[in-house]
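Asks: For the sequence shown, the working numbering begins at 6 and goes up steadily by one. By construction, the Cβ of each residue, glycine as well, lies at the ideal position given by its N, Cα and C atoms.
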Amino acid sequence: MNLLENVSLKPYNTFGIDVSAKYFSTFTTIEQLQAILENKDLNALPRLILGGGSNMLFTKDFDGIVLRNRIPGIEVVEEDSAHWYVKSGAGVLWHDQVLWCIERGYQGIENLSLIPGTSGAAPIQNIGAYGVELKDTFFQLEAIDLTTGKLVVYNKEACDFGYRQSVFKSDLKGKVIITSVTLALRKKPEYNVSYGAITQELSKMGVESPDAKSISQAVVKIRQSKLPDPAKIGNAGSFFKNPEVSASQFELLHKSFPDMVSYPLPDGNYKLAAGWLIEQCGWKGKVVGNTGSHKDQALVLVNYGNATGNEIRDLAYRILDSVKERFGVAIEPEVNII
Ligand code: FAD
Ligand code: EPU
6 MNLLENVSLK PYNTFGIDVS AKYFSTFTTI EQLQAILENK DLNALPRLIL GGGSNMLFTK
66 DFDGIVLRNR IPGIEVVEED SAHWYVKSGA GVLWHDQVLW CIERGYQGIE NLSLIPGTSG
126 AAPIQNIGAY GVELKDTFFQ LEAIDLTTGK LVVYNKEACD FGYRQSVFKS DLKGKVIITS
186 VTLALRKKPE YNVSYGAITQ ELSKMGVESP DAKSISQAVV KIRQSKLPDP AKIGNAGSFF
246 KNPEVSASQF ELLHKSFPDM VSYPLPDGNY KLAAGWLIEQ CGWKGKVVGN TGSHKDQALV
306 LVNYGNATGN EIRDLAYRIL DSVKERFGVA IEPEVNII
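(1) Mind checking whether Val-307 and Gly-297 have CB atoms under 7 Å apart?
(2) Between the C-alpha atoms of Gly-125 and Pro-233, what's the straight-line distance to the nearest angstrom?
(3) So if I measure from each beta-carbon to every heavy atom of the ligand EPU and keep distances below 6 Å, which residues remain?
(4) Mapping DSSP to helix, strand and coil, what is Glu-249?
(5) Find out if the Cβ-Cβ distance for the pair Asn-11, Ser-30 is shorter than 7 Å.
(6) If you draw a straight line from the alpha carbon of Ile-343 to that of Glu-213, how long is it in whole angstroms?
(7) Taking the C-alpha atoms as reference points, what is the distance between Asp-165 and Lys-289?
(8) In chain order, what residues of the same chain lie with their CB nearer than 8 Å to the CB of Ala-163, ignoring the 5 residues before and after it?
(9) Can you list, in chain order, the residues of its chain whose CB lies under 8 Å from that of Gln-170, leaving out five sequence neighbours each side?
(10) Does Asn-311 pass the burial test, meaning 16 or more other C-beta atoms within 10 Å, or should it be called exposed?
(11) How far does the beta strand (DSSP E) with Tyr-90 in it extend, from its first residue to its last?
(12) Can you tell me whether DSSP reads Val-186 as helix, strand or coil?
(13) In angstroms with no decimal places, state the Cα-to-Cα distance between Gln-102 and Ile-79.
(14) Counting pairs of beta carbons, one from the region 141–151 and one from the region 174–192, are three or more of them closer than 8 Å?
(15) Can Lys-180 and Leu-151 be called in contact, C-beta distance under 7 Å?
(16) Should Pro-16 be listed as close to the ligand FAD, given that the test is whether its C-beta is under 6 Å from any heavy atom?
(17) Considering only residues of the same chain and omitting the five flanking positions on each side of Gly-136, which have a CB-CB separation below 7 Å?
(18) Suppose contacts are defined by Cβ-Cβ distances below 7 Å. Is Met-61 in contact with Asn-7 by that definition?
(19) Return yes when the C-beta of Leu-188 is under 6 Å from any heavy atom of the ligand FAD, and no when it is not.
(20) Compare the C-alpha of Glu-206 against each of Gln-229, Gln-302, Glu-195 and Lys-192 and name the closest.
(21) I'd like to know whether the C-beta atoms of Cys-286 and Val-328 end up nearer to each other than 7 Å.
(22) From which residue to which residue does the beta strand (DSSP E) around Ser-25 run?
(23) Thinking just about the alpha-carbon of each residue, which of Ser-221, Phe-32, Asp-216 and Tyr-90 is nearest to the one in Ile-70?
(24) Between the alpha carbons of Ile-220 and Val-266, how many angstroms are there, rounded?
(25) Taking only the alpha-carbon atoms, compute the straight-line gap between His-100 and Glu-138 and give it to the nearest angstrom.
(26) Let me check understanding here. Comparing Cα to Cα, which of Leu-55, Pro-269, Glu-108 and Pro-51 lies closest to Asp-216?
(27) Taking 6 Å as the cut-off, is the beta-carbon of Met-6 closer than that to any non-hydrogen atom of the ligand FAD?
(28) Rounded to a whole number of angstroms, what is the C-alpha to C-alpha distance between Thr-5 and Leu-47?
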């Protein structure tokens, strides 16, 4: 068993926060994971499952065991007239999986290009971007149930996916470790270019008939122009979720703020752009000590080098309070604060 003590987590989180874990173990197989779980001493410790650390904010040292998932492997496990069923080890990097599918002409996840992190963490918050969410191609996943130590299969319905939400963030939070994810990728072309920016980028690229590869390239370009690269400046993507308000609350807000960016939802509610709300409160580009809200995307909080997790968390709550005060709207962190 590969077990380290007093390990700095700085290289393992995209915010680049320097806290340490009392114990740290990387597993690449289910058997290695089960061996850790069967060890009485280790199993009694507080546990944290780590993928790429791209949706986490560490605020203190972790006095337990960090289990870093690196289970590899991608393969086609089944095929029918409409789909290829692609199973990936939970430790595969998500973008590598996207490229693997695009190279083979398997369609459906091209809009999710360049999202950091692992395939196994993708279902946790049902990753989404540019009009597509993981749930649109999700087939099933396998996970170790931490109560029984057994491998369990969850189908799409059991995952209870929503916007940046799944059963793994509610009833099953901390109760399972995902070991593989199987997606149903489309054989027939059926692309989603409904996001205006994609159409614009494709036309800049001179693409007349888009395919999965060109859509992926367009998404990569858009993301690189808007989002800071964690390798250069620490961040975890959108720090907050876009909030939802009722139709009546939206009417009132819209009267006072006609420019407010919003999207009608099928259930009659409205989603608001948290980036717009935060920008209107004057936070965009503001530097506060070692942290701040990014100059190109107010929703992204950044570490300018030596920030602590508490500094970033405190800034996040100041932002949240100011949005509540100005608009009466509650924004919630998307990032897991630990
Ligand atoms: P981690 O941060 O390591 O973990 C996230 C959570 O999942 C934690 O609670 C962890 O305990 C749990 N977890 C991780 N692996 C497992 C497992 N195998 N079993 C059980 N629990 C597990 N997200 C989007 O949805 N859309 C975007 O467009 C997007 N853009 C981003 C851009 C940037 C620059 C960054 C830094 C982040 C972005 N994110 C985005 C957020 C992030 O990439 C995703 O949430 C991603 O799925 C996190 O994967 P990870 O492996 O890094 O998970
Ligand atoms: N906006 C502003 N000011 C800002 C930022 C945004 O006014 O500083 C407004 C703009 O009008 C813009 C609108 O907000 O048109 C939406 O902005 P953008 O297209 O950048 O998307 P977002 O809503 O800010 C969401 C996801 C991203 C995902 C993109 C693309 C959430 C919380 N975030 O951001 O996901 O990549 O859409 O689909 O839903 C993440 O979850 O970490 C993440 C990066």
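Replies: Let me spell this out:
(1) Yes, the Cβ-Cβ distance between Val-307 and Gly-297 is below 7 Å.
(2) Each residue's Cα considered, the two are about 23 Å apart.
(3) Cβ-based neighbours of the ligand EPU within the cut-off: Ala-134, Tyr-135, Lys-231, Gly-242, Ser-243, Lys-246, Asn-247, Val-266, Ala-278, Gly-280, Trp-281, Glu-284, Lys-289, Gln-302, Ala-303, Leu-304 and Glu-339.
(4) In this structure, Glu-249 counts as strand in the three-state DSSP scheme.
(5) For Asn-11 and Ser-30, no; Cβs fall outside 7 Å.
(6) Each residue's Cα considered, the two are about 46 Å apart.
(7) Cα to Cα, Asp-165 sits roughly 34 Å from Lys-289.
(8) Around Ala-163, the same chain offers Val-172 as residues with beta carbons nearer than 8 Å, after the five sequence neighbours per side are excluded.
(9) The residues are Gln-130 and Asn-131.
(10) Asn-311 comes out exposed.
(11) Looking at the DSSP string, the run of the beta strand (DSSP E) that includes Tyr-90 is 88–94.
(12) In this structure, Val-186 counts as strand in the three-state DSSP scheme.
(13) So the two alpha carbons sit approximately 8 Å from each other.
(14) With the cut-off at 8 Å, the region 141–151 and the region 174–192 touch.
(15) The answer is yes: Cβ separation under 7 Å.
(16) Because no heavy atom of the ligand FAD lies under 6 Å away, the Cβ of Pro-16 does not count as near it: no.
(17) Spatial neighbours of Gly-136 in its own chain (CB-CB distance under 7 Å, excluding positions within 5 residues in sequence) are listed in chain order as Asn-116, Asn-197, Ser-199 and Tyr-200.
(18) No, the pair does not count as a contact, with Cβ atoms beyond the cut-off.
(19) Leu-188 has its CB no nearer than 6 Å to any heavy atom of the ligand FAD.
(20) Nearest of Gln-229, Gln-302, Glu-195 and Lys-192 to Glu-206, Cα basis: Gln-229.
(21) Using a Cβ distance threshold of 7 Å, Cys-286 and Val-328 count as a contacting pair.
(22) Unbroken beta strand (DSSP E) run through Ser-25: 25–32.
(23) It is Phe-32.
(24) Cα to Cα, the separation comes out at about 25 Å.
(25) Cα to Cα, the separation comes out at about 14 Å.
(26) Answer by Cα proximity: Glu-108.
(27) At a cut-off of 6 Å, the beta-carbon of Met-6 does not count as near the ligand FAD: no heavy atom of the ligand is closer than that.
(28) Since the first residue of the chain shown is 6 and the last is 343, residue 5 is not available in this structure.
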